[in-house]
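FYI, the numbering for the sequence shown is 1333 to 1459, going by the working numbering. Every residue gets a Cβ at the ideal spot worked out from N, C-alpha and C, and that includes glycine. Just so you know, these numbers come straight off a predicted model, no measurement behind them. Read through the structure below, which is laid out as structure tokens, and then see the notes.
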Amino acid sequence: METVKKTSKGVLWTSYILQGIVIIMLLMGAVNNVLETETAVKGAVEMGYPSEYVMYLGIILLVSTVLYAMPKTMFIGGLLVTAWLGGAVATHIIHKDHMNLTIFPVIFGILVWASVLLRSKKLRALL
């Protein structure tokens, strides 16, 4: 008879905390973009994005974050959020921004996949 090994409560709560940190930060950015706040529009234009696309960028980020927040779609949401963060890294590199700005999306990408890895037994089995 096969025994099913449960994920420990400590590992589960660690994944929730990591995921929560990422979700809060991404939602703040998404809401700013959807509401087209002055800061969001100014920042996007400075990075070379047209101001009329700020809301659409916010919607993409919002949908990706919501998918990442839901357990059944966490993996696909993680992929979409990672793609978003990769675009942020590329934008910072193109604009020759300071390394501090460039490293934050990388750190958030690591947190995204750390939370997914801690929660997914199938993914951990691949390691």
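To the nearest angstrom, how far is it from the Cα of L1350 to the Cα of S1447?
Numbered from 1 along the sequence shown, position 18 holds the residue referred to as residue 1350. Numbered from 1 along the sequence shown, position 115 holds the residue referred to as residue 1447. Near 6 Å, if we compare the C-alpha coordinates of S1447 and L1350.
Out of curiosity, what's the CA-to-CA distance linking M1333 and L1443?
To locate residue 1333, count along the sequence shown from 1; it is residue 1. To locate residue 1443, count along the sequence shown from 1; it is residue 111. Note that M1333 scores a pLDDT of 48, beneath 50, so its modelled location is shaky; the value from the coordinates is reported in the next line. In a straight line, the C-alpha of M1333 is about 36 Å away from that of L1443.
P1382 by DSSP, collapsed to three states: which one?
The residue labelled residue 1382 in the question sits at position 50 within the sequence shown. The DSSP-derived three-state label of P1382 is coil.
How many whole angstroms separate the CB atoms of L1417 and G1390, which I take to be in contact at a CB cut-off of 8 Å?
Residue numbering aside, residue 1417 sits at position 85 when the sequence shown is read from its first letter. Residue numbering aside, residue 1390 sits at position 58 when the sequence shown is read from its first letter. Beta-carbon to beta-carbon, L1417 and G1390 are separated by about 15 Å, too far to satisfy the 8 Å threshold.
Rounded to whole angstroms, how far is the Cβ of I1439 from the Cβ of T1397, which I believe are closer than 8 Å?
Translated into the one-based positions of the sequence shown, residue 1439 becomes position 107. Translated into the one-based positions of the sequence shown, residue 1397 becomes position 65. Contact doesn't hold; Cβ gap of about 17 Å is too wide.
Closest residue to T1460 among K1428, I1392, H1430 (Cα-Cα distance)
What the structure shows of the chain is the stretch from 1333 to 1459, and residue 1460 is not part of that stretch, so it cannot be assessed.
Would you tell me roughly how many angstroms separate the C-alpha atoms of M1357 and P1437, rounded to the nearest one?
Numbered from 1 along the sequence shown, position 25 holds the residue referred to as residue 1357. Numbered from 1 along the sequence shown, position 105 holds the residue referred to as residue 1437. Straight across, the Cα-Cα distance linking M1357 with P1437 is about 11 Å.
Cα separation between M1402 and P1382?
Taking the sequence shown and counting its residues from 1, one reaches residue 1402 at position 70. Taking the sequence shown and counting its residues from 1, one reaches residue 1382 at position 50. Looking at the two C-alpha atoms, the distance is approximately 31 Å.
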